[in-house]
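Undergrad: Below you will find the structure I want to go over with you.
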Amino acid sequence: MNKKIRGILLFVLGIFLIYLLINKNGIQASTKGQENFLAIFLNASSLLFGKMSWFVSILITCWGIFDFFTRNIKLKFHKSKIAALIILFIADSMLLIKKSVVSPLPDSFTEAGRKLLEIGFNRQSGGLAGALASMPLYGFMHLHIVEVILKVVTVICILVLLKEVLVLIYEILAGLVKYYSSEDYKKKLKILKAKKQAEKQEYIVSKKQRREELRERLIESRKQKLSFEISKKPKDSFLQKTEMYSEAELIDKEKEWLELLENQKNKNRQKEEKNPEKRENIKPEKEEKHFDKSIEIEKNKDENKEKPISKNDNFEEKLEIKSEKVENEDLEKLKKDFQEKVETEIKKESEIIQKSQENENNDEYEELLKKSIEEIFKSKAMDPSKKKEIEKSIVENVSHLESVLKEFGINAKVVNYEYGPTITRYEVTIPKGVKVSKVTSLTDDIAMNLAAESIRIEAPIPGKNTIGIETPNKIKEPVHFSNIIRNPQLEKGALNVILGKNIVGQDRIIDIAKMPHLLIAGQTGSGKSVAVNTLISTLITKKSEKEVRFIMVDPKMVELMPYNGIPHLLVPVIIDPQQAAIALRWAVNEMDNRYRQLMENGVRNIVGYNSLGYVEKMPYIVIIIDELADLMMVAAGSVEESIARIAQKARAVGIHLVVATQRPSTDVITGMIKANLPSRISFALRSQIDSRTILDTPGAEKLLGQGDMLLLENGSSKLERIQGAFISDDEVMKLTTALKTNKKVSYMEEILIETVEKGKETDPLFENAIDVIKQEGRVSISLLQRKLNVGFNRASRIYEQLKENGIISDDNQLLIDDFD
Numbered sequence: 001m002n003k004k005i006r007g008i009l010l011f012v013l014g015i016f017l018i019y020l021l022i023n024k025n026g027i028q029a030s031t032k033g034q035e036n037f038l039a040i041f042l043n044a045s046s047l048l049f050g051k052m053s054w055f056v057s058i059l060i061t062c063w064g065i066f067d068f069f070t071r072n073i074k075l076k077f078h079k080s081k082i083a084a085l086i087i088l089f090i091a092d093s094m095l096l097i098k099k100s101v102v103s104p105l106p107d108s109f110t111e112a113g114r115k116l117l118e119i120g121f122n123r124q125s126g127g128l129a130g131a132l133a134s135m136p137l138y139g140f141m142h143l144h145i146v147e148v149i150l151k152v153v154t155v156i157c158i159l160v161l162l163k164e165v166l167v168l169i170y171e172i173l174a175g176l177v178k179y180y181s182s183e184d185y186k187k188k189l190k191i192l193k194a195k196k197q198a199e200k201q202e203y204i205v206s207k208k209q210r211r212e213e214l215r216e217r218l219i220e221s222r223k224q225k226l227s228f229e230i231s232k233k234p235k236d237s238f239l240q241k242t243e244m245y246s247e248a249e250l251i252d253k254e255k256e257w258l259e260l261l262e263n264q265k266n267k268n269r270q271k272e273e274k275n276p277e278k279r280e281n282i283k284p285e286k287e288e289k290h291f292d293k294s295i296e297i298e299k300n301k302d303e304n305k306e307k308p309i310s311k312n313d314n315f316e317e318k319l320e321i322k323s324e325k326v327e328n329e330d331l332e333k334l335k336k337d338f339q340e341k342v343e344t345e346i347k348k349e350s351e352i353i354q355k356s357q358e359n360e361n362n363d364e365y366e367e368l369l370k371k372s373i374e375e376i377f378k379s380k381a382m383d384p385s386k387k388k389e390i391e392k393s394i395v396e397n398v399s400h401l402e403s404v405l406k407e408f409g410i411n412a413k414v415v416n417y418e419y420g421p422t423i424t425r426y427e428v429t430i431p432k433g434v435k436v437s438k439v440t441s442l443t444d445d446i447a448m449n450l451a452a453e454s455i456r457i458e459a460p461i462p463g464k465n466t467i468g469i470e471t472p473n474k475i476k477e478p479v480h481f482s483n484i485i486r487n488p489q490l491e492k493g494a495l496n497v498i499l500g501k502n503i504v505g506q507d508r509i510i511d512i513a514k515m516p517h518l519l520i521a522g523q524t525g526s527g528k529s530v531a532v533n534t535l536i537s538t539l540i541t542k543k544s545e546k547e548v549r550f551i552m553v554d555p556k557m558v559e560l561m562p563y564n565g566i567p568h569l570l571v572p573v574i575i576d577p578q579q580a581a582i583a584l585r586w587a588v589n590e591m592d593n594r595y596r597q598l599m600e601n602g603v604r605n606i607v608g609y610n611s612l613g614y615v616e617k618m619p620y621i622v623i624i625i626d627e628l629a630d631l632m633m634v635a636a637g638s639v640e641e642s643i644a645r646i647a648q649k650a651r652a653v654g655i656h657l658v659v660a661t662q663r664p665s666t667d668v669i670t671g672m673i674k675a676n677l678p679s680r681i682s683f684a685l686r687s688q689i690d691s692r693t694i695l696d697t698p699g700a701e702k703l704l705g706q707g708d709m710l711l712l713e714n715g716s717s718k719l720e721r722i723q724g725a726f727i728s729d730d731e732v733m734k735l736t737t738a739l740k741t742n743k744k745v746s747y748m749e750e751i752l753i754e755t756v757e758k759g760k761e762t763d764p765l766f767e768n769a770i771d772v773i774k775q776e777g778r779v780s781i782s783l784l785q786r787k788l789n790v791g792f793n794r795a796s797r798i799y800e801q802l803k804e805n806g807i808i809s810d811d812n813q814l815l816i817d818d819f820d
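Residue numbers (UniProt numbering): 1 to 820.
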């Protein structure tokens, strides 16, 4: 017989036996003729082999597979292996019989044989084969030593069967040990170590070279700036056009300026030399003045000889002399004050010039750093052949879509389509008199006929008389962060960030300053964390730490940890929910302080404040919370109140919230938080209820995942579908490493220090709560909710304050009877 055919027959027989053994109970219970035949076959195998039927079935199946795949190879089995296999089968069958023999068998061979056959035929032992093999040892079958001997025989048989495999494993291990102790391995290990050291040295040298190049470029730019300032001609007015000296004129002017500087130095030296002579000449001048004054007095006396001299006249003369002295002293004081003012003005001007030069240097350095960071992100083009395939599948879907709607009695036409990275939107017109709801009710039928994962119907498209049917592309185009980061639109807004691409394939960029706060929700694997990384990476790439600072909260200790140590952070990434609550309270205080600064300077917002030339610029602060649910579990009241206050007022002073959660339930996204976070992004969610919680409408449950999102922008009632941009972990690491190596982080540790004692913070309704306890003589959170007309969170916070103030015990008993 052909070896291949034999292998197939044995494999089928083995699988058939295994099937019978698996469905044993069902076959034996059946009364059909066909099933009775299978039952007879099953009973026969069970009587012969008992539980060893499994062994036989598996052995036949493996033999069949072996024959089929080794049909072109002639194999010879050693007699010892065949003998070992037979002995293994008999030993295992006897072991199964031995388990049923608890007490000694009868002394008569006939009676003992009958007993062993009964045990073999019960189908739960070793079968007829095991019973027959056990008969010669019927007098010893009840002994424990027999079981031990049979187990030893089983192990020996297995070792004989696996001898070649064990030898091979031993030889491999021996070879590996020998190789690891050889000189060749040690040599290669040294070469690898030397390679790593050489690569490290090359990296250090290249890093030094980059720094040197950066320094030279900065020095060169400064030289050019100074040369430009020197060669500028003076202007009569601010509006006059700037003119430059020619080379010949500049050489003459430089000589002239240097001569003037030398002359000025010489004059200063001469003045210093003449100072002692001036001091000596001061006394004669004073004496002359006194002499002149005395002459005047004498003259006055001669003129007034006829008049009687009185004490009052002498007093008036003395007053005139004194007043002249006072006038001289005032003049000297005025001169001193004037000199001091001039000196202070000169100092101020020099400080302003120095600061402007430093700012220029910093700006140049920032520009160079931004360019070097942008080089991390290399553009990735899509294969043109894939685009053609996408367009081909879209054209096919147009005819499919029209035919599907026609089958359901809607004579619709596809008048236009727009496709993006992952979604294509078909614009469909329907005849007059057909309800839009008739099309929207066919969502599942359209998805099934187009063989789509899910579809979304936008009825109607805003500003058009068409219905939009969005279907996923069969070939999806990846949206790379590195392809969008160079978009010039990112330079325009205050806090412009990348989201991805819309369904038309255009780059979608939003300004967080206009949002002004963002709520993000999405289940695990939907792309929520990648979106948060994209927002952060955009801002730290395009903005310096003087323009924007971050407070990052990551209770899961996973997503935001790579950003630890970047110069934009106000504090290290916060992982403790209690510290997060403290940081949010600091943000509320910072908001109030900033409002005071705006009021003092007479401006309305951060843009107006930063446009003032005489103040230090105020950076934007973006607070990133990666998992709100963890914070709400630990400090719900404090977190909710802080988020609400920041969301209500902080827009004008440049403090913005980005809050993310994977569990958009009402106990996490409370009514207060939802009302104050107007801009929302939803990724794929589990249910329609979750979609309504975050977006107030269904739709998010039908998203595709992997960055597919719906954006509800502040002030808009329509949802916008976007494919989120993807930034890899490697790109994030390169970006953060570049920032950490070129700049030092300066943390504000005082942010995480609680400044207000908790015992002093009481709710405005605290006294009303005490009145309620007086009237009712008891207290509970539900009672406070009803009587004070407040929500659960606020009522529980008041309840905790009553405990802290010693009105309620830890076991919820009133401690004070007389509140007066």
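Heads up, the beta-carbon is just placed ideally off N, CA and C, and yes, glycines get one too.
#1: Please identify the residue among 250, 66 and 261 whose C-alpha is closest to the C-alpha of residue 232.
#2: Have a look at 151, 651, 516 and 694 and flag the residue whose alpha-carbon is nearest the alpha-carbon of residue 670.
#3: Inspect the beta-carbon positions of residue 477 and residue 556 and report whether they are closer than 8 Å.
#4: From residue 734 to residue 503, what distance separates their C-alpha atoms?
#5: Let me check understanding here. Comparing Cα to Cα, which of 168, 469 and 213 lies closest to residue 461?
#6: Check residue 708 in the structure and name its three-state DSSP category.
#7: When DSSP builds the beta bridges, which residues end up paired with residue 821?
#8: Whole angstroms is fine: what's the gap from residue 558's alpha carbon to residue 704's?
#9: The alpha helix (DSSP H) spanning residue 848 covers which residue range?
#10: Which value, in whole angstroms, describes the spacing of the CA atoms of residue 894 and residue 265?
#11: Just checking residue 654 against the ligand PLP - is the residue's beta carbon closer than 7 Å to any of the ligand's heavy atoms?
#12: So residue 530 and residue 512 are supposed to be a Cβ contact under 8 Å. How far apart are they, rounded?
#13: Decide yes or no for the touch test of the stretch 614-633 against the stretch 648-662: beta carbon pairs closer than 8 Å, at least 3 of them.
#14: Whether or not the stretch 514-533 and the stretch 598-606 are in contact is what I'm after, with contact meaning three or more pairs of Cβ atoms, one per stretch, closer than 8 Å; do they touch?
#15: Determine the burial state of residue 824: buried for a count of at least 16 other Cβ atoms within 10 Å of its Cβ, exposed for fewer.
#16: Taking only three categories from DSSP, how would you classify residue 618?
#17: For a test of the three-state rule: what should DSSP assign to residue 433, helix, strand or coil?
#18: Can you tell me where the beta strand (DSSP E) with residue 521 in it begins and where it stops?
#19: Quick check on DSSP: helix, strand or coil for residue 472?
#20: Under the DSSP definition of a beta bridge, which residues are partnered with residue 723?
#21: What are the start and end residues of the beta strand (DSSP E) that includes residue 541?
#22: Out of 69, 70 and 500, which one is the CA nearest neighbour of residue 711?
#23: Do residue 68 and residue 115 have their C-beta atoms closer together than 8 Å?
#24: Answer with buried or exposed for residue 49, where buried requires no fewer than 16 other C-beta atoms within 10 angstroms of its C-beta.
#25: Just confirm the distance between the C-beta atoms of residue 554 and residue 575, as a whole number of angstroms; I'd bet it's less than 8 Å.
#26: For residue 779, which three-state DSSP category applies?
#27: Under a three-way DSSP split, which group does residue 697 fall into?
#28: Check residue 682 in the structure and name its three-state DSSP category.
#29: Given a threshold of 16 other Cβ atoms within 10 Å of its Cβ, counted over all protein chains shown, does residue 198 qualify as buried or as exposed?
#30: Among the candidates 151, 110, 101 and 596, whose CA atom is the shortest distance from the CA of residue 91?
#31: Under a Cβ-count criterion, where at least 16 other Cβ atoms within 10 Å of its own Cβ denotes burial, should residue 729 be classed as buried or exposed?
#32: For a quick check, are the C-beta atoms of residue 797 and residue 763 less than 8 Å apart?
#33: Measuring CB atoms only, is the stretch 436-456 touching the stretch 485-495, in the sense that at least three cross pairs come out at less than 8 Å?
#34: Taking only three categories from DSSP, how would you classify residue 770?
#35: Below 8 Å, how does it come out for the stretch 733-753 and the stretch 215-222: are there three or more Cβ pairs, yes or no?
#36: What residue range is occupied by the uninterrupted alpha helix (DSSP H) comprising residue 155?
TA: Result, derived from the coordinates:
#1: 250
#2: 694
#3: no
#4: 30 Å
#5: Closest by alpha carbon: 469.
#6: strand
#7: Past the boundaries of the shown model lies residue 821; the chain is included only from 1 to 820, so the question cannot be answered.
#8: Looking at the two C-alpha atoms, the distance is approximately 24 Å.
#9: The question about residue 848 has no answer here: the residues shown for the chain are numbered 1 through 820.
#10: With the chain represented from 1 up to 820, any question about residue 894 goes unanswered, as that position is not in the structure.
#11: As far as ligands go, the structure on display features none, and thus does not contain the ligand PLP.
#12: That pair is no contact at about 17 Å.
#13: Result yes; three or more Cβ-Cβ pairs closer than 8 Å.
#14: no
#15: This structure cannot speak to residue 824, because the chain is shown only from 1 to 820.
#16: coil
#17: coil
#18: 518-521
#19: Strand, per DSSP.
#20: 501 and 708, per the DSSP bridge assignment.
#21: Residue 541 -> not in any beta strand (DSSP E); alpha helix (DSSP H) instead, spanning 528-542.
#22: 500
#23: no
#24: buried
#25: 6 Å
#26: Three-state result, residue 779: coil.
#27: coil
#28: strand
#29: exposed
#30: Residue 91 has its Cα closest to that of 151, out of 151, 110, 101 and 596.
#31: exposed
#32: yes
#33: no
#34: helix
#35: no
#36: Its alpha helix (DSSP H) spans residues 144-161.
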